[in-house]
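Asker: Residue numbers (the UniProt record's numbering): 1 to 73. Built from N, CA and C at the ideal position, the CB exists for glycine as well.
1. Going by beta-carbon coordinates alone, are residue 61 and residue 52 separated by less than 7 Å?
2. Using the beta-carbon count (16 or more within 10 Å), is residue 63 buried or exposed?
3. Ordered along the chain, which non-local residues of its own chain (more than five positions away) have a Cβ less than 7 Å from that of residue 24?
Okay, here's the thing in structure tokens:
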């Protein structure tokens, strides 16, 4: 069987993987509710580092950064 996920050359999977993306979005928004801008930025930094560690692959992480910056083709 062929894997039909959207894989970039590095192996970054850009296909939808969250079963309920709206729920995930709400969780992110709710996590920031009531925080100052500084607290929100700190939360984002911690979350990015935790998720980067979860990815565990520097090449995939670099591809994700480029995609987020709008630099990926």
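Answerer: Inspection of the coordinates gives the following:
1. yes
2. buried
3. 18
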